[in-house]
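Beneath this line is the structure, given in structure tokens, with notes to follow.
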Amino acid sequence: FDAGRFWNILAGLARQALAQANVPARQVAAVSVTAQRGGMVILDRAGAALYAGPIQDLRGVYQAAALEETCGERLAAISGHGPALIFAPARLQWFREQQPDLFSRFATLLTISDWLIFCLSGARCTEPSAAADTQLFDIRQGAWSAELMGTLALPAALFPPVHVTGAVVGAVSPAAAAQLGLAAATPVVMGGADTQMGLLGMGMTAPGEVGILAGWSMPVQQVTAAALDPRRRLWVGPHALPGRWVLEGNAGPAGRAYAWLAEVMCGRPDFAGLEEMAASVDPGAGGVLAFLGPQPMNAAEMGLAWGGLLMPLGADFIEVRREHLARACLENIAFAARANLELVTELSQAPVVQAAVGGGLTRSRVWTQMLADVLGRPLRVSALPDASS
139 FDAGRFWNIL AGLARQALAQ ANVPARQVAA VSVTAQRGGM VILDRAGAAL
189 YAGPIQDLRG VYQAAALEET CGERLAAISG HGPALIFAPA RLQWFREQQP
239 DLFSRFATLL TISDWLIFCL SGARCTEPSA AADTQLFDIR QGAWSAELMG
289 TLALPAALFP PVHVTGAVVG AVSPAAAAQL GLAAATPVVM GGADTQMGLL
339 GMGMTAPGEV GILAGWSMPV QQVTAAALDP RRRLWVGPHA LPGRWVLEGN
389 AGPAGRAYAW LAEVMCGRPD FAGLEEMAAS VDPGAGGVLA FLGPQPMNAA
439 EMGLAWGGLL MPLGADFIEV RREHLARACL ENIAFAARAN LELVTELSQA
489 PVVQAAVGGG LTRSRVWTQM LADVLGRPLR VSALPDASS
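Each residue of the sequence shown is one higher than the one before, counting from 139 in the numbering used here.
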């Protein structure tokens with residue numbers, strides 16, 4: 139993505155938010171950042187962004203295959219994350235091979251949230267929950283992995299200092315203050331990965347508690363007191379709080395699947411219309427089954443999968459309406475959440491103490507009730523859909 143354009147959009151939104159809330163800049167106590175995991179921005183020594191990419195950047199697909207053969211097990215064991223396809227090592231190797239001149243100018247690797255902290259304050263730093271999704275962070279040591287740096291021939295200088303989540307790491311610079319409508323010298327606080335921030339926002343902080351963040355994708359995380367061995371099927375990472383970890387099954391594109399269905403059936407993201415349709419038919423969606431992306435996670439075998447909609451066919455007439463398709467999509471997402479929760483608890487061997495759900499899909503009362511029914515348990519729904527904020 140275009141780093142400069144991204145920053146300008148964010149600055150405009152910050153000014154708009156302050157104006158709509160009628161909050162003077164001097165009343166802002168601090169500013170922090172949370173962002174999508176897995177993306178990264180690489181700076182040169184002067185602070186210019188040489189590369190900015192989200193987790194969907196798969197340019198290192200061939201390099202990832204080679205890494206999986208040579209050190210895939212160590213990558214997953216140290217970082218708690220796999221496969222190499224969607225993380226930093228494969229992309230860095232691509233740049234080393236395909237654009238060596240640019241690679242030689244790489245000075246600092248930052249996650250997207252780290253980069254925004256840098257834009258606000260000039261501080262080059264990271265924190266554990268976001269750094270873990272680079273696949274270069276030792277989740278048990280809480281530090282960048284010296285072993286992986288050596289294995290991959292990456293200079294230690296590329297990796298910024300690590301601060302605890304919530305630490306004050308700097309102050310808003312005069313230039314950033316002018317762009318965002320904030321006061322210069324406003325404290326800048328270390329944020330973190332969007333899912334772990336969502337857990338914190340929903341109050342899921344004790345071992346055994348589970349948070350489901352049903353947004354564009356749908357991570358299902360259980361808080362644990364130890365960094366468990368994921369057996370490469372699930373992910374393990376740090377919680378936002380010290381001494382806590384999360385075991386994660388990620389169902390993939392949940393909200394994205396629902397948005398796609400809305401665009402196809404309604405010509406626009408008419409979620410209110412889709413909600414009304416889904417509410418008008420009984421559970422089971424008339425026998426229609428949706429396979430639109432959300433599914434049980436298996437990090438050891440990630441890749442493209444076939445999907446679609448299956449429906450019962452009558453001899454003379456198909457009794458399937460748009461309402462059935464809408465409900466089937468929501469049922470697909472709900473059962474994918476259950477499947478991932480079962481995978482997580484099977485590995486953790488810990489009962490679910492409490493479960494909460496947040497994210498954009500919680501705007502659907504039909505879906506949140508469906509999820510509670512499918513899980514067969516009480517479900518705490520985030521007071522605001524934007525739980526990570």
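Every residue, glycine too, gets a C-beta built ideally from N, C-alpha and C. Small disclaimer: the values here were computed from a predicted structure and weren't measured.
Label GLN165 either buried or exposed according to how many other C-beta atoms from any shown protein chain fall within 10 Å of its C-beta, with 16 as the threshold for buried.
Here residue 165 is taken as the residue at index 27 of the sequence shown, counted from 1. So GLN165 ends up on the exposed side.
From this set, VAL302, ARG465, GLN174, PRO368, which residue's C-alpha is nearest GLY387's C-alpha?
Working through the sequence shown from its first residue, we reach residue 387 at position 249. Considering only alpha carbons, the answer is PRO368.
Exposure of GLU414, with buried meaning 16 or more beta-carbon neighbours within 10 Å
Taking the sequence shown and counting its residues from 1, the one referred to as residue 414 is at position 276. With fewer than 16 Cβ atoms within 10 Å of its Cβ, GLU414 is classed as exposed.
Return helix, strand or coil for ARG542, following the three-state DSSP convention.
The question about residue 542 has no answer, for the chain in this structure spans 139 to 527.
Return the chain-ordered list of same chain residues with a C-beta closer than 6 Å to the C-beta of MET440, the five sequence neighbours on each side being excluded.
Sequence index remark: in the sequence shown, residue 440 carries index 302 (1-based). Excluding residues within five positions, the ones whose Cβ falls inside 6 Å are PRO221.
What are the start and end residues of the beta strand (DSSP E) that includes VAL199?
The count along the sequence shown starts at 1 and reaches residue 199 at position 61. Looking at the DSSP string, VAL199 is not in any beta strand (DSSP E); the run it does join, the alpha helix (DSSP H), is 199-217.
Start and end residues, alpha helix (DSSP H) containing GLY498:
One-based indexing of the sequence shown puts residue 498 at position 360. Counting along the chain, GLY498 falls outside any alpha helix (DSSP H), and DSSP gives it neither H nor E.
If you follow the beta strand (DSSP E) that THR249 is part of, which residue opens it and which one closes it?
On the sequence shown, position 111 is the one that residue 249 refers to. Taken as a continuous stretch (DSSP letters only), the beta strand (DSSP E) holding THR249 covers 246-249.
So the alpha helix (DSSP H) ALA316 belongs to, where does it begin and stop?
In the sequence shown, the residue the question calls residue 316 occupies position 178. Its alpha helix (DSSP H) spans residues 312-318.
Could you please give the first and the last residue of the uninterrupted alpha helix (DSSP H) stretch that includes ASN146?
Residue mapping note: residue 146 aligns to position 8 of the sequence shown, counting from 1. Per DSSP, ASN146 belongs to the alpha helix (DSSP H) from 141-159.
How is the alpha helix (DSSP H) around ALA417 delimited, first residue to last?
Residue mapping note: residue 417 aligns to position 279 of the sequence shown, counting from 1. Where ALA417 is concerned, the enclosing alpha helix (DSSP H) stretches over 409-417.
What number of angstroms, rounded off, separates the C-alpha of ILE471 from the C-alpha of ALA155?
What you label residue 471 is simply residue 333 of the sequence shown in a count that begins at 1. What you label residue 155 is simply residue 17 of the sequence shown in a count that begins at 1. About 32 Å.
My output table needs one value for ILE180: the three-state DSSP class, helix, strand or coil.
By one-based count along the sequence shown, residue 180 stands at place 42. DSSP places ILE180 in strand when its eight states are reduced to three.
Could you compute how far the alpha carbon of GLY446 sits from the alpha carbon of ALA305?
By 1-based counting over the sequence shown, the position of residue 446 is 308. By 1-based counting over the sequence shown, the position of residue 305 is 167. If I take the Cα positions, the gap works out to 45 Å.
Residue(s) in a DSSP beta bridge with ASP276
Numbered from its first residue, the sequence shown carries residue 276 at position 138. DSSP, once it has assigned bridges, lists ALA281 as partnering ASP276.
Just how far apart, CA to CA, sit SER283 and ASP276?
Residue numbering aside, residue 283 sits at position 145 when the sequence shown is read from its first letter. Residue numbering aside, residue 276 sits at position 138 when the sequence shown is read from its first letter. In a straight line, the C-alpha of SER283 is about 5 Å away from that of ASP276.
Just checking my contact of ALA525 with GLY339 at CB under 8 Å: how many whole Å lie between their CB atoms?
Within the sequence shown, residue 525 is the residue found at index 387, counting from 1. Within the sequence shown, residue 339 is the residue found at index 201, counting from 1. Yes, ALA525 and GLY339 are in contact; Cβ-Cβ is about 4 Å, under 8 Å.
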